[in-house]
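Q: Input: one structure, supplied below.
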Amino acid sequence: MRLRSCSGALAGAIVISACAARTGPATAPDAGYTASLGAAWDAGHVSPSSSPMVDHAEVERRLKALPADLFAVREAGRSTEGRAIYHVQAGRGPMPVLLWSQMHGDEPTATSALLDVFAYLDRHRGEPHVARMLRQLTLHVVPMLNPDGAERFQRRNAQGIDINRDALALVTPEGRLLKQLRDEFEPAVGFNLHNQSWRTAVGSPPRPASLSLLAVAYDEARSVNAGRLLTKKLAAVVRDAVEPIAGDRIGKYDDRFEERAFGDNITLWGTPVLLIETGPWPAVNPDPPLVRMTFVAILAALDALASGAVHHADPERYDTLPVNESGLAHTLIRGGQVLRGDGTAPFRADVALTMQRRVRLDEGRRDIVFTSTIDDLGDLRNTAALFTVDATGWLIAPFIWPPVVPGQEVTLPPWSAGEPAASLVQPGSTGGVMVIRPLGGNRYCVEHVVPGVITMRTSR
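Residue numbers for the sequence shown follow our numbering, so the first one is 138 and each next one is one higher.
Shown next as structure tokens:
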């Protein structure tokens, strides 16, 4: 194989659908304030560019640095492996509010957003909206409920239990602590902060579900009492606040009652819960826009609670959200001729790839590893994706080594003549693919690549 620049090569463009216009009139209370939150995050956020880099030590360091005249930080309990779980209190108001994040260790977006919320409250404490928030609300925040899972970047705790299915059995120390905090402070409302699968879609045609909301049910009938009506109105406030950011990529999470889940049971116990799930975002690095959006969502909701304006929000803005669906691809390559890599004659097919993110621990360093897998092959005209590549007139072939980039000229290895490649273009393959433009003979220009593995190394 030889590599060189191929003149006139077109970059492997990724097509991203633009955010759609707002779907309804702005009904959010304090709209001027919520509109300013994105700019405030841009100017003063403290979160890093990659949320998985925020480990337990980083959370601990930042919490201990919070000013004591505004925040009361205490160790509320210990995880299975003995890591401190912190409770942060701010404000002195008559309405207690409970927020908890990262009960699933591989769902870090809201943890970063909460660190930014703390910085914002400190920096803007003298401004009217923030002063009112601190005067009317008492915030009880658990920024990282599952530090053992976060350390491994895994969903479950060190016992191997999903904490969010432990509300009744209470065999996890993390779950027992969350219930203890709920019972001790009897919050008027709770915020359950999560990430959802990057494969979650919403609407028709399908779009990435960048944010999903749920006014959590407390019974099988999904009854609506005063508490659940409040969380529906809170969801309406959040929708109005984030639509200028996320457009029509906002959905409604499945509201079926789950008898083991914390959100459902905390609602049943008397604290209505709003679930906020961040999901896929069409960017090479989705973390900053997702953290920014979550930051806006949290502060807009807290402001509406503090002002009482939440009671004037329209719950229909929540009820009319489209319901989440699954099956979103990360990258969809359309219209190409598939060169499988085993001598099979090229054939017309679309190729859909998924992407999985994990953290690899290496001598104290946290590396982010992205692994792509071919999810489907064939006529995928009904498949939606974060990124779409038009490969009409080109070939979709196995990725080759040494790594290639768009604009390089390549000749194909012997597998193009029938000797099987190490990784074929077929469902389940994790070797990556490339889109190549024929130049004549066995010469091709690389137009787009989806490597099998991408590692983002850090210095930490």
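From the three backbone atoms N, C-alpha and C, an ideal C-beta is built for every residue, glycine too. All values derive from a computational prediction rather than experimental measurement.
1) Expressed to the nearest angstrom, what Euclidean distance is found between the alpha-carbon atoms of T525 and L274?
2) Identify whether M593 lies in helix, strand or coil by the three-state DSSP scheme.
3) Alpha carbon to alpha carbon, what distance is there between E453 and D377?
4) Would L442 pass as a contact of L371 if the rule is Cβ separation under 9 Å?
5) For M281, name the three-state secondary structure that DSSP assigns.
6) From the DSSP output, in three-state form, read off D320 for me.
7) For V339, which three-state DSSP category applies?
8) Do D504 and P564 have their beta-carbon atoms positioned less than 9 Å apart in this structure?
9) Taking 9 Å as the cut-off, decide whether the C-beta atoms of N301 and G388 are in contact.
10) What does the alpha-carbon distance come out to for the pair L436 and L251?
11) Using the Cα positions of L271 and L350, report the straight-line distance between them to the nearest angstrom.
12) By the three-class DSSP mapping on this structure, what secondary structure does W237 have?
13) Would you identify the three-state DSSP class for L271, choosing helix, strand or coil?
14) Find the nearest neighbour of T309 within the set R319, R293, F507, L366, judged by alpha-carbon distance.
15) Using a Cβ distance threshold of 8 Å, determine whether the segment 456-467 contacts the segment 528-538, with at least three qualifying pairs required.
16) Where do the N-terminal and C-terminal ends of the alpha helix (DSSP H) with L251 fall, by residue?
17) Candidates E500, L498, R502, F507: which alpha carbon is nearest M492's?
18) Taking C-alpha atoms, which residue in E357, P426, V353 lies nearest to L366?
19) Would you tell me roughly how many angstroms separate the C-alpha atoms of S560 and L532, rounded to the nearest one?
20) Answer yes or no: do L200 and Y223 have a C-beta to C-beta separation smaller than 9 Å?
21) What is the rounded straight-line gap between the Cα of L412 and the Cα of L549?
22) Check for me: the alpha helix (DSSP H) holding A170 runs from which residue to which?
23) Quick one, are the C-beta atoms of L330 and W237 less than 9 Å apart?
24) Looking at C-beta atoms only, is the number of pairs between the segment 412-430 and the segment 378-397 that lie closer than 8 Å three or more?
25) Go ahead and pull the three-state DSSP assignment for P426.
26) Does the count of Cβ pairs from the segment 208-227 and the segment 278-285 closer than 8 Å reach three?
27) Counting only runs that start and end within the segment 498-581, where is the beta strand (DSSP E) found for 3 or more residues in a row?
28) Go ahead and label E195 buried or exposed: buried means 16 or more other beta carbons lie within 10 angstroms of its beta carbon, across all protein chains shown.
29) Residue range of the alpha helix (DSSP H) that A446 falls in?
30) Helix, strand or coil, according to DSSP, for V113 in the structure here?
A: In terms of the structure at hand:
1) 45 Å
2) strand
3) 12 Å
4) yes
5) coil
6) helix
7) strand
8) no
9) no
10) 10 Å
11) 25 Å
12) strand
13) helix
14) R293
15) no
16) 246-260
17) F507
18) V353
19) 16 Å
20) yes
21) 50 Å
22) Looking at the sequence itself, residue 170 is Tyr, so the reference to Ala does not match. 168-181 is the span of the alpha helix (DSSP H), which, as asked, contains Y170.
23) yes
24) yes
25) helix
26) yes
27) 502-515, 522-527, 532-535, 545-548, 569-577
28) buried
29) Here A446 belongs to no alpha helix (DSSP H), and DSSP marks it neither H nor E.
30) No statement about residue 113 is possible, as the shown extent of the chain runs from 138 to 597 and does not include it.
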